[in-house]
Amino acid sequence: MSSDQISRDETLHIAHLARLAITDEEADLYSRQLSAVLAHARDIGALDIAGVEPTMHAVSMRNVMREDVVADSLDREEVLASAPSSEAGMFLVPRIMGEE
Amino acid sequence: MAIVDMAAREIASAVRNRELSATEVVEAHLSEISAHDREVAAFLLVLADEARHRARSIDEAIARGEEVGPLAGVPIAVKDNMTLRGVETTCASRILAGWRPPYTATVVQRVESAGAIVIGKTNLDEFAMGSSTENSGFFPTRNPIDLSRVPGGSSGGSAAAVAARFTPLALGSDTGGSIRQPASLCGVVGAKPTYGLVSRYGLIAFASSLDQIGPFARSVEDAAALLSVIASRDPMDSTSLGVGFDASGIAEGVQGMRIGVVEEMLEGVSSGVASVLDSAIAALEAAGAAIERVSVPAARYGLSAYYLIAPAEASSNLARFDGVRYGLRVEGEDITETYLRTRERGFGAEVKRRIMLGTYALSAGYYDALYGKAQQVRTLIARDFAAAYEHFDALISPTSPTVAFRFGERSDPLSMYMSDVCTIPSNLAGHPGMSVPFGPAENGMPAGVQVLAPALREGVMFRVAMALEAAASEAAVPEWAKAAGSGGAA
Numbered sequence: 001m002s003s004d005q006i007s008r009d010e011t012l013h014i015a016h017l018a019r020l021a022i023t024d025e026e027a028d029l030y031s032r033q034l035s036a037v038l039a040h041a042r043d044i045g046a047l048d049i050a051g052v053e054p055t056m057h058a059v060s061m062r063n064v065m066r067e068d069v070v071a072d073s074l075d076r077e078e079v080l081a082s083a084p085s086s087e088a089g090m091f092l093v094p095r096i097m098g099e100e
Numbered sequence: 101m102a103i104v105d106m107a108a109r110e111i112a113s114a115v116r117n118r119e120l121s122a123t124e125v126v127e128a129h130l131s132e133i134s135a136h137d138r139e140v141a142a143f144l145l146v147l148a149d150e151a152r153h154r155a156r157s158i159d160e161a162i163a164r165g166e167e168v169g170p171l172a173g174v175p176i177a178v179k180d181n182m183t184l185r186g187v188e189t190t191c192a193s194r195i196l197a198g199w200r201p202p203y204t205a206t207v208v209q210r211v212e213s214a215g216a217i218v219i220g221k222t223n224l225d226e227f228a229m230g231s232s233t234e235n236s237g238f239f240p241t242r243n244p245i246d247l248s249r250v251p252g253g254s255s256g257g258s259a260a261a262v263a264a265r266f267t268p269l270a271l272g273s274d275t276g277g278s279i280r281q282p283a284s285l286c287g288v289v290g291a292k293p294t295y296g297l298v299s300r301y302g303l304i305a306f307a308s309s310l311d312q313i314g315p316f317a318r319s320v321e322d323a324a325a326l327l328s329v330i331a332s333r334d335p336m337d338s339t340s341l342g343v344g345f346d347a348s349g350i351a352e353g354v355q356g357m358r359i360g361v362v363e364e365m366l367e368g369v370s371s372g373v374a375s376v377l378d379s380a381i382a383a384l385e386a387a388g389a390a391i392e393r394v395s396v397p398a399a400r401y402g403l404s405a406y407y408l409i410a411p412a413e414a415s416s417n418l419a420r421f422d423g424v425r426y427g428l429r430v431e432g433e434d435i436t437e438t439y440l441r442t443r444e445r446g447f448g449a450e451v452k453r454r455i456m457l458g459t460y461a462l463s464a465g466y467y468d469a470l471y472g473k474a475q476q477v478r479t480l481i482a483r484d485f486a487a488a489y490e491h492f493d494a495l496i497s498p499t500s501p502t503v504a505f506r507f508g509e510r511s512d513p514l515s516m517y518m519s520d521v522c523t524i525p526s527n528l529a530g531h532p533g534m535s536v537p538f539g540p541a542e543n544g545m546p547a548g549v550q551v552l553a554p555a556l557r558e559g560v561m562f563r564v565a566m567a568l569e570a571a572a573s574e575a576a577v578p579e580w581a582k583a584a585g586s587g588g589a590a
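Protein chains in written order, with the working numbering: chain A, 1 to 100; chain B, 101 to 590.
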């Protein structure tokens with residue numbers, strides 16, 4: 001890895017990928033802070049650990065099965081009551097497709 | 101003894117024997133909360149009416165001669181990242197303000213079935229990301245032992261509530277030390293069980309492969325009693341191990357036990373905390389344990405691995421907060437702009453930092469070098485612990501390198517992350533760990549000793565904890581409790 005620095009532009013790009021709107025000043029601050037954390041985390045980059053199996057999860061588990069029985073799920077009206085906007089039993093969202 | 105000074109098990113037995121009503125118990129704790137939570141700010145929500153109602157129905161059940169459970173009439177505080185159906189649950193985040201979940205967390209169901217009474221929802225660092233509770237989206241919680249200092253975090257509200265005698269029991273969650281570190285800083289007992297021992301259903305996810313719910317109490321036996329109630333198989337959590345926890349035998353002592361002191365966790369420790377650990381070592385030796393230093397070499401890389409893995413998982417888990425199904429929505433021109441604005445307004449700075457860090461660690465070109473390598477380090481940590489446990493029954497270390505710090509003292513994120521250097525390795529390995537108060541250290545502030553054990557060896561861990569507790573000096577209490585002498589609330 002060449003550099004520990006995350007540039008301001010890179011920070012803006014990451015923020016957009018994560019769907020976070022940030023200001024230019026915030027981009028400067030986050031760029032410095034993220035770079036500092038990553039610089040610390042780079043100490044593992046020096047470890048020679050080729051061939052070591054990664055651990056995704058502390059408990060190695062296979063697929064967990066349950067009996068296929070019919071049971072109640074959450075009440076639809078109660079769930080929709082939490083939504084910022086809903087209509088006819090569905091979540092209502094702003095326009096997703098472009099103008100026709 | 102004032103009701104608010106009683107242990108959970110004493111309360112339950114007094115309630116069951118009708119020496120005390122559940123209503124009296126709840127009223128005593130509610131009045132302690134109304135007298136002092138303005139200063140401490142442990143609670144985001146006090147469930148006074150609900151708790152009174154529950155207390156009445158427990159008293160009525162007892163009057164009818166019904167079985168009421170092992171925690172009958174015992175108040176319990178719940179960290180506000182666990183759900184109660186119909187009761188506002190926020191994770192101390194503005195993005196969830198006003199959200200009333202349509203379901204109840206399994207742990208809450210279990211404590212209620214055991215007769216406990218949920219008395220309120222406690223403050224935390226937003227989405228459990230932090231080590232001081234300063235990152236709450238609403239207000240910071242203060243340390244009851246010294247109001248100018250932080251309670252630790254992220255379960256700072258739960259730790260403070262127990263230390264302030266607002267409740268004898270509380271539930272917290274621990275992803276990298278979020279139960280143990282605030283327990284240490286507030287002078288109470290806090291335990292993170294083996295990953296999978298306690299159901300996570302209804303715990304709002306931060307880093308799913310690390311998160312685990314556990315107990316806070318003022319005594320080791322109370323913490324064990326609460327753990328035995330919440331440890332269970334749960335079909336709603338596919339990582340649930342399907343075993344329970346049996347608290348009998350935890351008083352058997354440490355005679356003949358081999359206990360290792362983790363060398364890598366002694367670096368950077370304050371002199372006060374180091375001498376607390378020295379006296380703990382002497383106490384365990386006096387109780388018949390053989391103590392030796394042991395190296396767990398990969399533990400020194402725990403912090404680095406954690407700050408890649410936990411943010412990576414968080415960036416994925418927190419993608420669900422998009423203004424569509426629950427919580428805040430800030431309407432934009434189209435759906436993308438709605439996402440951007442909702443998340444900008446709804447999340448605080450630390451949450452944004454971690455989401456960005458995780459997004460970066462998972463992004464193309466960095467995945468192998470960062471996230472992949474961190475997962476390999478996780479394997480090394482588990483191996484090194486396994487090697488240590490060939491020679492030792494349990495391990496000890498300081499819980500946190502320092503006592504509680506002052507507000508604003510750790511504004512640099514990296515210095516805040518260092519608070520969890522001793523606690524993080526057990527989350528990465530999935531092993532249990534707990535903090536037992538053994539202070540005081542600097543400025544008379546509490547300091548805990550951390551006890552670690554192999555997966556599912558909570559019994560051994562609690563035995564060591566009990567031996568430590570038996571030798572520990574008098575627990576720290578808030579100033580107002582000293583002034584009141586043995587008296588509690590007015």
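Quick reminder that beta carbons are idealized off the backbone N, C-alpha and C, glycines included.
None of these values were measured; they are calculated from a predicted model.
Own chain residues within Cβ distance below 6 Å of residue i, not counting five before or after
| i | result |
| --- | --- |
| B:Thr294 | Pro532, Ala555 and Leu556 |
| B:Ser232 | Val250 and Gly253 |
| B:Gly446 | Arg194, Ile195 and Leu428 |
| B:Ser319 | Ala107 |
| B:Gly368 | Pro501 |
| B:Ala383 | Ala571 |
| A:Ser86 | Leu80 and Leu92 |
| B:Leu120 | Ala114 |
Three-state secondary structure (DSSP) of residue i
| i | result |
| --- | --- |
| B:Ile217 | strand |
| A:Asp75 | coil |
| A:Glu10 | helix |
| B:Ser535 | strand |
| B:Met106 | coil |
| B:Phe447 | coil |
| B:Gly601 | As displayed, chain B neither begins before 101 nor continues past 590, which places residue 601 of chain B out of reach and without an answer. |
| B:Glu413 | helix |
| B:Thr222 | strand |
| A:Gln5 | coil |
| B:Glu234 | coil |
| B:Leu130 | helix |
| A:Ser86 | strand |
| B:Ile304 | coil |
| B:Ala390 | strand |
| B:Val376 | helix |
| B:Asn243 | strand |
Residue environment, residue i, which counts as buried when at least 16 other CB atoms sit within 10 Å
| i | result |
| --- | --- |
| A:Asn63 | exposed |
| B:Tyr467 | exposed |
| B:Gly423 | buried |
| A:Thr55 | buried |
| A:Met90 | exposed |
| A:Ala50 | exposed |
| B:Asp180 | buried |
| B:Phe239 | exposed |
| B:Val343 | exposed |
| A:Ile96 | exposed |
| B:Val477 | buried |
| B:Lys473 | buried |
| A:Val93 | buried |
| B:Val140 | buried |
Neighbourhood of residue i by C-beta, 7 Å cutoff - its chain only, sequence neighbours within 5 removed
| i | result |
| --- | --- |
| B:Ser309 | Glu413 |
| A:Ser31 | Ile6, Ser7, Arg8 and Thr11 |
| B:Gly296 | Thr339, Ser340 and Leu341 |
Whether residue i touches residue j by CB criterion (8 Å)
| i | j | result |
| --- | --- | --- |
| B:Thr502 | B:Arg280 | no |
| B:Ala122 | B:Ile158 | yes |
| B:Gly272 | B:Gly215 | no |
| B:Ala324 | B:Ile350 | yes |
| B:Ala205 | B:Thr241 | no |
| B:Pro525 | B:Ser284 | no |
| B:Val207 | B:Gly302 | yes |
| B:Val362 | B:Ala399 | yes |
| B:Thr523 | B:Gly277 | yes |
| A:Ile22 | B:Tyr460 | no |
Rounded distance between the beta-carbons of residue j and residue i, thought under 8 Å
| i | j | result |
| --- | --- | --- |
| B:Pro257 | B:Leu224 | The question names Pro, but residue 257 of chain B is Gly in the sequence shown. Indeed they touch by this definition, with Cβ atoms about 6 Å apart. |
| B:Arg109 | B:Ile162 | The pair is not a contact, with the Cβ atoms about 17 Å apart (cut-off 8 Å). |
Nonlocal neighbours in the same chain, by C-beta distance under 8 Å from residue i, ignoring five residues either side
| i | result |
| --- | --- |
| B:Leu145 | Asp180, Val187, Glu188, Gly220 and Lys221 |
| B:Val262 | Ala177, Pro268, Leu269, Ala270, Cys286, Val288, Phe316, Ala317 and Arg318 |
| B:Asp334 | Thr206, Ser299, Tyr301 and Ser340 |
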